[in-house]
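Asker: Quick note on our numbering: the sequence shown kicks off at 2 and runs consecutively.
Cβ atoms here follow ideal geometry from the backbone N, Cα and C, with glycine treated the same way.
Here you go, one structure.
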Amino acid sequence: MDQWLEKFWGEVLSRDPQRILAAMDSLEDDQEREAIIAHLRRMATEEGWAEPQRISAESALTALGIDS
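See below:
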């Protein structure tokens, strides 16, 4: 995996609101941001994700002020 991408997802899934917001603010493209949010929603609501992944996705959505 690309090093930047690995670091980005580590920040988004960190459960730390400041780190989550900083990672999302680093995106320059609104389409990228929307794709990340859609993926987080899937992680939070669809089956097949591990419980820690689901919790991290929910934390990210909460930090972004978005309902899962």
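(1) Please classify Ala-51 as buried or exposed, where buried requires at least 16 neighbouring CB atoms within 10 angstroms.
(2) Alpha carbon to alpha carbon, how far is Leu-6 from Ala-36? Give it in angstroms, no decimals.
(3) Which of helix, strand or coil does DSSP assign to Trp-5?
(4) In or out: Ile-21 buried (at least 16 other Cβ within 10 Å) or exposed?
(5) Let me know if Ala-23 comes out buried or exposed under the rule of 16 or more other beta-carbons within 10 Å of its beta-carbon.
Answerer: Considering the structure as presented:
(1) Here residue 51 corresponds to residue number 50 of the sequence shown, with the count starting at 1. Classification for Ala-51: exposed.
(2) Numbered from 1 along the sequence shown, position 35 holds the residue referred to as residue 36. Numbered from 1 along the sequence shown, position 5 holds the residue referred to as residue 6. Annotation: Ala-36 to Leu-6 spans about 14 Å, alpha carbon to alpha carbon.
(3) Here residue 5 corresponds to residue number 4 of the sequence shown, with the count starting at 1. Trp-5 falls in the helix class under three-state DSSP.
(4) Working through the sequence shown from its first residue, we reach residue 21 at position 20. Classified as buried, Ile-21 has 16 or more neighbouring CB atoms from the shown chains inside 10 Å of its CB.
(5) Against the sequence shown, residue 23 aligns to sequence position 22. The residue in question, Ala-23, is exposed, as its Cβ has fewer than 16 Cβ neighbours within 10 Å.
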